[in-house]
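Heads up: the structure comes next, in structure tokens.
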Amino acid sequence: MMYPFSKNAAWIGMNENSMLLAMPGFSSKDNSLGCKLVTSYPNNTRLGLPSIMATILLFNADTGKPEVILESRAITEWRTAATSAAATRRLHKGDKGVLAIFGTGVQAKAHALAFQHLFNFNKVKVWGRNFEKAKQLCSQLGPKFSACQNGEDCAKDADVLVTATYADRPIVQHSWLKTGVLINAIGAGINHHSELDEKIYRNAILVVDEMEAAQKELKGLLEKSINIWGEVGAVITGQNTLPNSEITIFHSLGMAIEDVLTAQLVYKIYKQNCPNNQV
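Residue 154 in my numbering is what sits at position 172 of the sequence shown, and the numbering runs on without skipping anything.
So this is what it looks like as structure tokens:
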């Protein structure tokens, strides 16, 4: 039996936007123990630097001895997109004809690539506050990708929608959405629920990756009597069946165990391919 454990992240804010998080995780099945340190600095893009930077430290789970340090921006990037894709596979049963991406950064690109590879949408629409950046991203991604000049056009007719921004106020309105849409809400930095307007939440089933963390990080929603239905893991394992709803929201807040297990896999592959362990 697997006992994954992800302690709520401890974090400190340097200002209203920037923060440092420590995310420890352990899995007894894989005997994997580690901790990710990640910084979030949204204004770094103005300096030509990544807004998210991360490092993972893996330990020997039997002795506590540090084993390896991994630069983990790529791990953070792809495990987040992989989690959203796994959730989408189980939470959205309808046609996957149109995908809408809100955002033009690293996570927007990773989600666009992962979702298109796995689900082969007929059309992918991208919106960003900077239309030129949205066009540039679409030109990198392929002919099925098109940039939208406003959010309403992007959200219109979308079967699946991804929000991957630092928006501090709603960028998606309830009136734009079609019935049956699944929203993967992964952005917004410290305030995780600011990308969607309140009416969306009041007409949706809200699913999260980890309940304990969600009760803390989505406190603003709970204070408005917006309830969390449950964890996506319970749907994946068949413990719970998702009821029909006008809208489904998956809030990906980030679980340390995802980082630790992904880092452990990367380290395992490295050792297999570099038997002399030369870095």
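Every residue, glycine too, gets a C-beta built ideally from N, C-alpha and C.
Just mark residue i as buried or exposed, buried being the case when its beta carbon has 16 or more other beta carbons within 10 Å.
i           : result
residue 18  : buried
residue 99  : exposed
residue 184 : exposed
residue 247 : exposed
residue 61  : buried
residue 220 : exposed
residue -15 : Unreliable positioning characterises residue -15 in this predicted model, as indicated by a pLDDT of 43, which lies under 50. The coordinate reading is nonetheless provided below. Exposed, by the Cβ-count rule.
residue 194 : exposed
residue 236 : buried
residue 25  : exposed
residue 89  : buried
residue 29  : exposed
residue 253 : exposed
residue 38  : buried
Distance check for residue j and residue i, CA to CA, integer angstroms please.
i           : j           : result
residue 86  : residue 155 : 19 Å
residue 163 : residue 134 : 14 Å
residue 251 : residue 4   : 25 Å
residue 31  : residue 6   : 25 Å
residue 77  : residue 83  : 17 Å
residue 277 : residue 161 : Given that the chain is displayed from residue -17 to residue 261, the structure contains no residue 277 and the question cannot be resolved.
residue 50  : residue 240 : 17 Å
residue 255 : residue 245 : 15 Å
residue 116 : residue 124 : 13 Å
residue 201 : residue 231 : 16 Å
residue 27  : residue 127 : 23 Å
residue 187 : residue 258 : 51 Å
residue 23  : residue 59  : 15 Å
residue 148 : residue 41  : 32 Å
residue 35  : residue 105 : 31 Å
Figure out for me which residue from the options has the closest Cα to the Cα of residue i.
i           : options             : result
residue 108 : 153, 75, 68 and 69  : 153
residue 45  : 15, 115 and 29      : 15
residue 144 : 151, 169, 26 and 50 : 169
residue 10  : 63, 197, 43 and 29  : 43
residue -1  : 33, 12, -8 and 13   : 33
residue 151 : 126, 111 and 68     : 111
residue 243 : 65, 146 and 255     : 65
residue -8  : 210, 199 and 226    : 199
residue 214 : 26, 201, 67 and 53  : 67
residue 157 : 41, 139, 148 and 35 : 139
residue 95  : 80, 174, 63 and 75  : 63
residue 113 : 97, 136 and 103     : 136
residue 73  : 142, 55 and 21      : 142
According to DSSP, residue i sits in a beta bridge with which residue or residues?
i           : result
residue 231 : 165 and 188
residue 237 : Residue 237 pairs with nothing; no bridge assigned.
residue 16  : 7 and 40
residue 127 : 106
residue -7  : 3
residue 142 : 81 and 164
residue 213 : 190
residue 22  : 1 and 34
Inset, instruction - With a floor of 3 residues, list each beta strand (DSSP E) that falls wholly inside the stretch 46 to 85, ordered by position along the chain. - result: 48 to 53 and 80 to 84
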